[in-house]
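Going left to right, the sequence shown walks through residues -13 to 408 as my numbering numbers them.
Below: the structure, in structure tokens.
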Amino acid sequence: MAEHGVVVTGMGVLCPLGATADELWQGLVAGRSGIAPVTRFDPGRFYSRHAGQIDDSVITFAPGPLQFETPRMSAFVRYALFAAEQALEDSGLKPAAEGPAGAQAAHRPCPPGGGVYLGVSMGGLPSIEAGVLRQEEQGVRRTSPFLIPSLIPNMAASVIALREGIEGEQVTVAGACASGAQAMGQAMRAIRSGARTWAVAGGAEAVITPITYSGFQAMRVLSRCADPQATPRPFDRSRDGIVVGEAAAVFVLEERGHAEARGAVIHGELTGFDANSGGDSLTGLSARHVMRCMAGAVADAGLEAEAIDCVFAQASGMVHGDAAELEALRALTADTGHRPVVTSIKGHVGYSFAANGPLSLAGALMALRHQAVPPTLHLTETDPEFDKVDIAREVRTTRLRRCLINAFGFGGINASLVVSLV
-13 MAEHGVVVTG MGVLCPLGAT ADELWQGLVA GRSGIAPVTR FDPGRFYSRH
37 AGQIDDSVIT FAPGPLQFET PRMSAFVRYA LFAAEQALED SGLKPAAEGP
87 AGAQAAHRPC PPGGGVYLGV SMGGLPSIEA GVLRQEEQGV RRTSPFLIPS
137 LIPNMAASVI ALREGIEGEQ VTVAGACASG AQAMGQAMRA IRSGARTWAV
187 AGGAEAVITP ITYSGFQAMR VLSRCADPQA TPRPFDRSRD GIVVGEAAAV
237 FVLEERGHAE ARGAVIHGEL TGFDANSGGD SLTGLSARHV MRCMAGAVAD
287 AGLEAEAIDC VFAQASGMVH GDAAELEALR ALTADTGHRP VVTSIKGHVG
337 YSFAANGPLS LAGALMALRH QAVPPTLHLT ETDPEFDKVD IAREVRTTRL
387 RRCLINAFGF GGINASLVVS LV
């Protein structure tokens, strides 16, 4: 049976650089950092006091199902829903709501044949922390009835499905920082096989909370840099760790024939995906397994390594992780004589866990549209052994046809996607 092509017809983005894909792109090419001092809590007791925070004031929802419940849910749920509604509107797949101005609008359901595939790593961790503290300080009777729904990882996908009237399957992938990329891959496979005609897919995360900083500080993975506009530093010789970020990036994926039949605008085509297991330790990145994952995604797209023009790397600013990824990239293309240009957007937006892969996919789709590669922010000097890897230090105008997107997580979870120009 012939496989169905999978295209992207809708994009929704919410991140420290803005609330649309265009604002993300403008921030990337301008070399703007979305990292600033933490304002969600007092970070004084931690050595990392910065974050890539979202401006909550931009998040609004039209009248419709769950309009009472949604504002009371964890931030990752609200962020995912905001990005999903943006993606559905961009796709033109869902009929516009009708109703008199100021009145309850008729919130029309989506057409049949769809599903929701969302990646979430830590999900409602802030709700858990706040719920425990409230119970201990104010008593059991002060526990919110929204506590449990707010912390369940599947609730972002569930709220999207319930509010938007999507009656196909909903899948939540919890694969650490590879979650969002894995969710995209699962949605892609469902459409390829004919099981789904279209899908809402992506990732969301919002865990800027004391317990997150406490845990990662104990692991010694947070950047100690005092200047929020100088960290994180992906691939740089002076890199010293991650900066916690929050984001949501959600897409409408569609069977290509279905999208073309309704005259949809196509942003790009997902042509390859692979995921595997393998790490040097519980939290360490393995160059061998990362290379194997990238090679698998390229092969799934029916390509050779030299066909990849650009790599949107995981590159978080971790000392060993960044080095392992560059080693894997060098091995991937060692026999080709080809050097794809490599970039990382973590210096602009921070490390957004489950949203890492989808947010990089949004950047890659915009790069294909504009035929330019955004810079790797704060990169001034690479380790000498990686001088032969072509890392973008400034905006690179070049011919782009295919991009590789990487996302890797604790527990040896690796995922790579290939997106192509249509």
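Virtual Cβ for every residue (Gly too), placed ideally from N, Cα, C.
- Residue state for Leu208 is assigned as strand, using DSSP reduced to three classes.
- Between Ala340 and Val106, the CB-CB gap stays under 8 Å.
- Nearest in C-alpha terms to Leu74, of all of Val408, Gly151 and Val207, is Gly151.
- Where Ile194 is concerned, there is no enclosing alpha helix (DSSP H), because DSSP gives it neither an H nor an E.
- Three or more pairs of CB atoms, one per stretch, sit closer than 8 Å, so the segment 397 to 404 contacts the segment 261 to 280.
- With three or more CB-CB distances shorter than 8 Å, the segment 232 to 243 counts as touching the segment 0 to 12.
- Following the DSSP letters along the chain, one finds Val157 in no alpha helix (DSSP H) but inside the beta strand (DSSP E) bounded by residues Gln156 to Val159.
- Taking the C-beta atoms as reference points, Cys389 is found no nearer than 8 Å to Phe259.
- Excluding the 5 residues flanking it on each side, Met174 has same chain C-beta neighbours closer than 7 Å at Val(-8), Leu239, Leu256 and Phe259, in chain order.
- CA-to-CA, the gap between Glu55 and Met170 works out to about 27 Å.
- Nearest to Met205 by C-alpha distance, out of Leu268, Val284 and Pro361, is Leu268.
- Inter-residue distance for Asn392 and Gly333 is about 16 Å (C-alpha atoms, whole angstroms).
- Listed in chain order, the alpha helix (DSSP H) elements of length 4 or more contained wholly in the segment 146 to 186 are 165 to 179.
- With a 10 Å radius around the Cβ and a threshold of 16 neighbouring Cβ atoms, His244 comes out buried.
- If you check the CB distance, Val229 and Ser209 come in under 8 Å.
- Boundaries of the beta strand (DSSP E) harbouring Ser263: Gly254 to Ser263, taken from the DSSP string.
- By the neighbour-count criterion, in which a residue is buried when 16 or more other Cβ atoms sit within 10 angstroms of its Cβ, Glu122 is exposed.
- A residue is called buried when at least 16 other Cβ atoms come within 10 angstroms of its Cβ; Thr183 meets this threshold and is buried.
- Less than 8 Å separates the beta-carbon of Thr368 from that of Arg223.
- For Arg388, no alpha helix (DSSP H) segment is defined; the enclosing uninterrupted segment is the beta strand (DSSP E) at Arg388 to Gly395.
- Between Asp373 and Arg325, the C-beta spacing is not below 8 Å.
- Here Val251 is exposed, its C-beta having fewer than 16 other C-beta atoms within 10 Å.
- Distance from the CA of Leu365 to the CA of Arg219, rounded to the nearest whole angstrom, comes to 6 Å.
- By DSSP's assignment, His36 forms a beta bridge with Pro23.
- With 16 or more other Cβ atoms from the protein chains shown falling within 10 Å of its own Cβ, Asp76 counts as buried.
- Boundaries of the alpha helix (DSSP H) harbouring Gly343: Asn342 to His356, taken from the DSSP string.
- Annotation for Ala314: Ala273, Val276, Met277 and Met280 place their beta carbon closer than 7 Å to its own, counting only its chain and skipping 5 residues before and after.
- Less than 8 Å separates the beta-carbon of Cys163 from that of Asn342.
- Here the C-alpha atom of Gly99 lies approximately 6 Å from the C-alpha atom of Gly154.
- DSSP, reduced to helix, strand and coil, places Glu75 within a helical segment of the structure shown.
- Ranked by Cα distance from Tyr103, the first of Met141, Pro344, Val159 and Leu347 is Val159.
- Under the three-state reduction of DSSP, Val359 is assigned to strand.
- In this structure, Gly110 lies near Ser136, with their beta-carbon atoms less than 8 Å apart.
- Pairing Leu312 with Thr195, the inter-Cα distance amounts to about 31 Å.
- Gly38 is positioned such that its CB atom lies closer than 8 Å to that of Gly336.
- Separation of Glu241 and Val145 (C-alpha to C-alpha, rounded to the nearest whole angstrom) is 24 Å.
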